[in-house]
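Under my numbering, residues 8 to 97 are what the sequence shown spells out, in order. We put the beta carbon where it would ideally sit given N, CA and C, even for glycine.
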Amino acid sequence: MADTLVTCINKPDTNSPHEHITHLGGYTWRRTTQEVIASIEKGTNTFYTSVGGKRADIGVRERNGRKFVQTHADGYWNDNLLALDTCPLR
């Protein structure tokens with residue numbers, strides 16, 4: 008299992024703080040949110056963010072029948088992913 012650092016995201020509207028995330032990425036990779044969810048659920052990879060040296064693990068959540076990813080740190084779910092830079096299109 009690989010422990011994978013996420014450094015960027017893509018949303019349909021980069022200016023919207025509430026849009027869903029379509030892609031997550033790192034220094035040399037970019038995957039759809041669905042690919043990341045499948046990898047987490049299968050136990051293939053773990054994903055996390057790191058801001059100021061503080062780690063936040065990424066987990067899968069579900070609301071109204073729709074799965075999405077969200078960071079979890081210090082016992083709380085939060086929106087750290089939305090604060091990440093936009094991934095370059097590849």
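| Check | Outcome |
| --- | --- |
| His30 burial status per 10 Å Cβ neighbour count (16 or more: buried) | buried |
| Cβ-based neighbour list, Arg62, same chain, cut-off 6 Å, excluding 5 preceding and 5 following | Tyr55 |
| Cα-Cα separation, Ile47 to Tyr83 | 19 Å |
| Exposure of Val76, with buried meaning 16 or more beta-carbon neighbours within 10 Å | buried |
| Beta-carbon proximity of Leu91 to Ile44, cut-off 8 Å | no |
| Enclosing beta strand (DSSP E) for Glu69 [first to last residue] | 61-70 |
| Cβ neighbours of Arg68 in the same chain (closer than 8 Å, five flanking residues each side left out) | Lys74, Phe75, Val76, Gln77, Trp84 |
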